[in-house]
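Going from the sequence shown to my numbering is simple: count from 1 and add 32. Presented below is the structure to which this report refers.
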Amino acid sequence: MAEKEKKIKWIERFWHKYRLVVLNDDTFEENFSLRLKPIGLLVLLTGITIFMTVLVISLVAFTPLREYIPGYGDVALKDSLVSMYQRTEQLEESISSRDWYIQNISDVLQGKTQGKPNRPRKDSAIDYKNLAIIAGKEDSALRNEIESRDKFSLSLTDKSKPVSSISTFFFFSPVKGIITSSFNLAQGHYGVDITARENEIIKSTLDGTVVFSGFTSSDGYVIQVQHNNNLVSIYKHNSDLTKKTGDYVKAGDPVAIIGNTGETSNGTHLHFELWYNGIPVNPQDYVVF
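Quick look at the structure:
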């Protein structure tokens with residue numbers, strides 16, 4: 033009981049009135065007096081604390097003072113820095129392309145063509161005009177027999193079970209890089225352009241047979257691979273080819289080295305195309321680069 037009475041008396045003290053008096057020490061004259069209660073003083077201090085807290089938070093959140101706080105960044109400033117970084121990269125690419133263009137013009141004017149491989153020349157000892165290209169009777173009979181048996185079909189699957197879509201295939205990425213030009217059927221761009229490091233190895237995207245491996249003036253060193261179900265993959269502008277026509281390759285096998293050959297090439301990259309049933313399709317719909 034005594035402890036409870038002490039607690040009650042201690043709580044009641046908060047409601048007692050007190051007087052704060054300021055006196056002159058020499059004359060004992062009263063200069064200032066203030067009547068207050070402990071509970072009132074507690075409420076006053078609590079209110080001042082809340083007000084100061086709200087004031088500081090408001091200054092930090094809604095005024096430029098927040099920029100002086102370590103670790104507190106400005107969102108608009110970050111967006112501006114990201115935008116400036118992206119524009120700087122675009123300017124660097126533009127300047128690099130311009131320098132490359134000017135250098136090529138200078139090389140052409142000076143007669144320097146070392147940047148492009150020499151085109152294959154025809155053998156002057158062969159008379160191409162008088163070549164016999166008509167098949168004889170024995171040759172025609174042999175071809176008909178082979179075609180009827182279908183022993184040398186490039187399709188490795190059973191034709192009695194055709195595949196309705198190539199989306200079920202697992203495509204191997206021919207090269208890891210950045211796509212600089214996407215598939216655009218309206219503009220006649222039937223593939224994607226992927227930039228990568230020099231001397232990067234180009235890999236076959238699926239199992240198949242090489243049906244063309246050679247050089248063209250516009251596309252440089254080109255290799256074409258016939259896959260199952262009338263699917264063809266084409267790799268252009270290579271610096272070198274590792275497979276020849278007729279070779280069988282598996283998915284992921286090296287078929288070429290990335291390069292910058294051909295009159296239509298303007299930098300080290302791979303132009304990759306996919307043709308399904310004679311129609312070009314967008315490689316980005318099936319291959320992850």
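Ideal Cβ placement from N, Cα and C applies to all residues, glycine included.
Rank the options by C-alpha distance to the C-alpha of residue i and give the top, closest one.
{"i": "Asn63", "options": "Gly72, Leu52, Pro70", "result": "Leu52"}
{"i": "Ile255", "options": "His221, Glu305, Gly72, Tyr222", "result": "Glu305"}
{"i": "Val243", "options": "Ser265, Asp251, Tyr222", "result": "Ser265"}
{"i": "Thr277", "options": "Tyr253, Asn292, Gly220", "result": "Tyr253"}
{"i": "Ile290", "options": "Glu232, Glu125, Tyr222, Gln135", "result": "Glu232"}
{"i": "Val320", "options": "Phe60, Ile137, Val207, His221", "result": "Val207"}
{"i": "Ser297", "options": "Tyr133, Ser112, Leu97", "result": "Tyr133"}
{"i": "Leu302", "options": "Asp317, Ser205, Tyr318", "result": "Ser205"}
{"i": "Ile198", "options": "Asp317, Tyr50, Asp57, Asn56", "result": "Asp317"}
{"i": "Leu66", "options": "Glu295, Ser172, Tyr50", "result": "Tyr50"}
{"i": "Trp307", "options": "Val287, Ala288, Leu263", "result": "Leu263"}
{"i": "Ala288", "options": "Leu73, Glu121, Phe247, Asn136", "result": "Phe247"}
{"i": "Glu230", "options": "Gly209, Leu217, His221", "result": "Gly209"}
{"i": "Leu68", "options": "Asp58, Arg45, Asp57", "result": "Arg45"}
{"i": "Thr300", "options": "Thr227, Asn176, Thr200, Pro286", "result": "Thr227"}
Per DSSP, which residues does residue i bridge with? Please list them.
{"i": "Glu62", "result": "Leu55"}
{"i": "Phe304", "result": "Val224, Tyr267"}
{"i": "Asn216", "result": "His221"}
{"i": "His259", "result": "Leu263"}
{"i": "Lys235", "result": "Pro286"}
{"i": "Arg67", "result": "Arg51"}
{"i": "Asp272", "result": "Ile289"}
{"i": "Val281", "result": "Gly240"}
{"i": "Tyr253", "result": "Phe247, Asn270"}
{"i": "Ile211", "result": "Ile226"}
Using 8 Å as the threshold, is the C-beta distance between residue i and residue j below it?
{"i": "Ile322", "j": "Asn270", "result": "With the chain covering only 33 through 321, there is no way to say anything about residue 322."}
{"i": "Ser236", "j": "Leu273", "result": "no"}
{"i": "Asp239", "j": "Lys282", "result": "yes"}
{"i": "Val224", "j": "Thr241", "result": "no"}
{"i": "Asp279", "j": "Lys268", "result": "no"}
{"i": "Phe203", "j": "Asn314", "result": "no"}
Going by DSSP, what residue range makes up the beta strand (DSSP E) through residue i?
{"i": "Phe244", "result": "240–248"}
{"i": "Ile290", "result": "286–290"}
{"i": "Val313", "result": "311–313"}
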